[in-house]
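Please read the structure below before turning to the comments.
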Amino acid sequence: MTELLQAAVAPPNLLPTALLVFVVLYWLSVMIGLVGSDALDLHHDFAHDVGHDVGHDHPGTHGGLGTDWLNNALAFFNLGRVPLMFWLSFVALPLWVGSILVNYELGNTSGLVGLALLLPLLLVSLFVAKILTLPFVKLFAAMEKDHGAGAQPIGKVCTVVLPATHALLGQASIRLPDGAPLTLNVKALSPTATFRKGDQALVIDFDAQRRCYLIEPY
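Start counting the sequence shown at 2; every next residue gets the next number (the working numbering).
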């Protein structure tokens, strides 16, 4: 155990260890209720945001040509089909194990060599995560479908859970007829509107490109 701990904090394994510690601390915080399980899952399909922003920052370029590969790559590895932190957990563990084993077998103690090995190890970890998350893709899709069945957020009053503006993606909650909360990704419809936690807002529309709901003060 002592040797494993020493290897974990050795320079070649420091980054994978830091990522694994971050994931473990996140789930511990969820378990004891310090954060909600969706606190870092604001936008599962954040590649669409990347593509949209890049297109606006560089109006002279074709947005789809520059970002379609990224969207397709993230979708291939199931990011966007399962929650971000859930997916990241399945990446962090094999990355950490692989880093420990490879650097041990090579007898490597150099942080620079460990950094060079990180890219192929990450690629392998992404494929491992894809395989491990495959059984959960349909599960989360079914859960989301069941949770949202019969729910029509547009026109309803919601309570802001995480701050939102016209540019900043936040979250809001709507109480369904059966008493269950429905959490929405939201942005302000007006460029000047700012929503803080606890504010009441009215759901106006759905932005299909950003996959979020647009809200106004209520």
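Glycine is no exception: its CB is placed at the ideal position from the N, C-alpha and C atoms.
Exposed or buried, which one is residue 11 when buried takes at least 16 other CB atoms within 10 Å?
Along the sequence shown, read from residue 1 onward, the residue named residue 11 stands at position 10. Residue 11 is buried by the Cβ-count criterion.
Identify, in the order they occur along the chain, each residue of the same chain with its Cβ nearer than 7 Å to the Cβ of residue 17, setting aside the five sequence neighbours on each side.
Mapped onto the sequence shown, residue 17 falls at position 16. So the list reads 96, 97, 100, once near-sequence residues are dropped.
Does residue 81 have its Cβ less than 9 Å from a Cβ in chain C?
Included in the structure is just one protein chain, with no chain C present.
So if DSSP puts residue 80 in a beta bridge, which residue, or which two residues, is it bridged to?
Reading the sequence shown from its first residue, position 79 is the one you call residue 80. DSSP, once it has assigned bridges, lists 83 as partnering residue 80.
Between residue 158 and residue 219, how many whole angstroms is the CB-CB distance? I'm expecting something under 8 Å.
Residue mapping note: residue 158 aligns to position 157 of the sequence shown, counting from 1. Residue mapping note: residue 219 aligns to position 218 of the sequence shown, counting from 1. About 5 Å; that satisfies the 8 Å criterion.
Sequence-distant residues of its chain with Cβ nearer than 8 Å to residue 208 (five each side left out):
Sequence index remark: in the sequence shown, residue 208 carries index 207 (1-based). So the list reads 188, 214, 215, once near-sequence residues are dropped.
Would you report the Cα separation of residue 151 and residue 182, rounded to the nearest angstrom?
Position 150 of the sequence shown, counted from the first residue, corresponds to residue 151. Position 181 of the sequence shown, counted from the first residue, corresponds to residue 182. Confidence at residue 151 is low in this model, with a pLDDT of 49, below 50, so the placement of that residue should be treated as unreliable; the coordinate-derived value is given next. For residue 151 and residue 182, the distance between alpha carbons rounds to 13 Å.
DSSP three-state assignment for residue 111, whether helix, strand or coil
Locating residue 111 in the sequence shown gives position 110, where the first residue counts as 1. Correct three-state label for residue 111: coil.
Starting from residue 220, follow its DSSP beta bridges and name the residues at the other end.
This structure cannot settle anything about residue 220, because the visible part of the chain is limited to 2 through 219.
Where residue 175 and residue 203 are concerned, what is the direct C-alpha to C-alpha distance, given to the nearest angstrom?
Numbered from 1 along the sequence shown, position 174 holds the residue referred to as residue 175. Numbered from 1 along the sequence shown, position 202 holds the residue referred to as residue 203. Each residue's alpha carbon lies about 10 Å from the other.
Taking just the CA atoms, how far does residue 171 sit from residue 14?
Here residue 14 refers to the residue found at position 13 when the sequence shown is read from its first residue. Here residue 171 refers to the residue found at position 170 when the sequence shown is read from its first residue. Near 34 Å, if we compare the C-alpha coordinates of residue 171 and residue 14.
Considering only C-alpha positions, which residue in the set 80, 154, 201, 9 is nearest to residue 163?
Position 162 of the sequence shown, counting from 1, holds the residue named residue 163. The shortest C-alpha to C-alpha distance from residue 163 to any of 80, 154, 201, 9 is the one to 201.
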